[in-house]
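In the UniProt record's numbering, the protein residues as written are 1 to 391. Glycine included, each C-beta is placed from N, C-alpha and C at the ideal position.
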Amino acid sequence: MARMTHSDPHTPRLLTCDVLYTGMGGAQSPGGVVVVGGTVAATGHPDALRAAYPHAREERAGAVIAPPPVNAHTHLDMSTYEFTALPYFRWIPEVVVPQREKRSAEAARHGADTLAGLGAGGVGDIVYMHAPDVMDTLLPREDLSGVLYYEVLGTFPEKADEIFRTVRERIEGWRAVERPGGPRVGLSPHTPHTVSHRLMRLLCDYAAGEGIPLQIHVAEHPAEHDLYTRGGGPIWENRLAPFYPDTFAEVIGRTPEADLTPVRYLDELGVLTAKPTLIHMVNVTPDDIARVARAGSAVVTCPRSNHHLDCGVFPWAAFAAAGVEVALGTDSVASGGSLDVREDVAFAQRLHPGLDPRVIVRAAVKGGHRVLGTRAPFIRRGEAWDDRYCW
């Protein structure tokens, strides 16, 4: 984050950058903002601003001027984990499982404090199913906005009704203490292969009926293909057997088949009608993207996490061409490396050199707010200026 230095607060300052996004319309490049006495006087192309304000003192603000970016997907209860970059099937047993005792309300509080210090525009946080006190800790915070998604797992269809009753009771209790402007309560059926078909429908139908936001991890790793096409592969072989039925077909309530994908499965199950936000979406087909676009679901990409876990590269250009809303998230500290989504913006620009940087910046701000149902502040004439707008 660039920090401006200035003496006379009433001297016009022309702050320039590579990409300007004011929170309205599309971003522009290059861009500039004129600030007088702590108030925005004008925005636009640097050349036009130089002509209109010839006495303004020009300063390089940084690469980006925009409202603070939104971290649309993370796991704050993993904020005290050690960051480790490993292939997906080593990362889970070597990083997640050995440190699982660190998933706590205290870790989530630490993560929320970090986000507050970064001036994050909002957060989409996944609350671990076995640490519900995380929700109790984060929900009252006045320096946090966005959605806290309670994560649900359960692969046995016969246990779906019992799990759903418990989850619904918790959700209704938490929603009763939501505050205007504060975090909202959401739901996160973990993945299509860790939530039975019956439980997935119960959760998503309930969320759609009550207006509860949803996030689902989908198509993160290439091995998910083997699950849906033949009911096996590395994910099934590495599962914790007591927590799964005998066959994957029992989990999804249908026989795996050659062209089945996680997205097609969710669509045909009726889940996409609830317009869940889909996380990762790295390993998808053109048909998957078309289904998501038709449903009107948004997608959150976590560039650093996917890279560190060898999951592949999010096909951003294809989603953009289909008109799908894209946002960015860090995922957990353990896989992403930090909670600063600006680092994912910079990483995404290197990862997608053919993509216009303005698209990535807009996604980090507008895309994130649309996912969370919040509003970005505007950088426009008459609004208060904040140096945190300089990334």
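Just tell me which of Ile252, Leu240, Ala207, Asn238 has its CA closest to the CA of threonine 229. Comparing Cα-Cα distances from threonine 229 to each of Ile252, Leu240, Ala207, Asn238, the minimum goes to Ile252.
Around the Cβ of phenylalanine 319, are there at least 16 other Cβ atoms within 10 angstroms (buried) or fewer (exposed)? Phenylalanine 319 should be labelled buried.
Let me make sure I understand the geometry here. Which of Val185, Arg168, Leu269 has the alpha-carbon closest to that of leucine 144? Of the candidates Val185, Arg168, Leu269, the one whose C-alpha sits nearest the C-alpha of leucine 144 is Val185.
Between the stretch 327 to 336 and the stretch 381 to 388, do at least 3 Cβ pairs fall closer than 8 Å? No contact exists between the stretch 327 to 336 and the stretch 381 to 388.
Under 8 Å: do the stretch 134 to 141 and the stretch 104 to 122 share three or more Cβ pairs, one atom per stretch? Yes, the stretch 134 to 141 is in contact with the stretch 104 to 122.
Close-in-space but distant-in-sequence residues of the same chain around residue 409 (CB under 6 Å, 5 per side omitted): The requested residue 409 is not part of the displayed model; the chain covers only 1 to 391.
Determine the extent of the alpha helix (DSSP H) in which serine 305 is found, giving its start and end residues. 303 to 308 is the extent of the alpha helix (DSSP H) around serine 305.
Which term fits valine 284, buried or exposed, when burial requires 16 or more other beta carbons within 10 angstroms of its beta carbon? By the neighbour-count rule (16 or more Cβ atoms within 10 Å), valine 284 is buried.
Could you check the C-alpha separation between valine 34 and arginine 362 for me, to the nearest Å? About 21 Å.
List the residues that DSSP assigns as beta-bridge partners of leucine 15. As computed with DSSP, leucine 15 is found in a beta bridge with Val33, Glu59.
Enumerate, from N- to C-terminal direction, the unbroken beta strand (DSSP E) stretches of 3 or more residues contained entirely within the stretch 258 to 313. Within the stretch 258 to 313, the complete beta strand (DSSP E) runs of at least 3 residues are 277 to 280, 299 to 301.
With DSSP collapsed to three states, give me the class of tyrosine 21. DSSP places tyrosine 21 in coil when its eight states are reduced to three.
Three-state secondary structure assigned by DSSP to valine 361: Three-state result, valine 361: helix.
Valine 127 to aspartate 133 span [Cα, whole Å]: Per the coordinates, the alpha-carbon of valine 127 lies some 9 Å from the alpha-carbon of aspartate 133.
Residue nearest to alanine 61 in terms of C-alpha spacing, selected from Cys17, Gln28, Thr84: Ranking the options by Cα distance to alanine 61, first place goes to Cys17.
So, under 8 Å CB-CB, alanine 217 and threonine 247 are touching, yes? Tell me the CB distance rounded to an integer number of Å. The residue you asked about is not alanine; residue 217 is histidine in the sequence shown. Going by Cβ atoms, the distance from histidine 217 to threonine 247 rounds to 22 Å, so no, they are not a contact pair.
Glutamine 99 by DSSP, collapsed to three states: which one? It is coil, neither helix nor strand.
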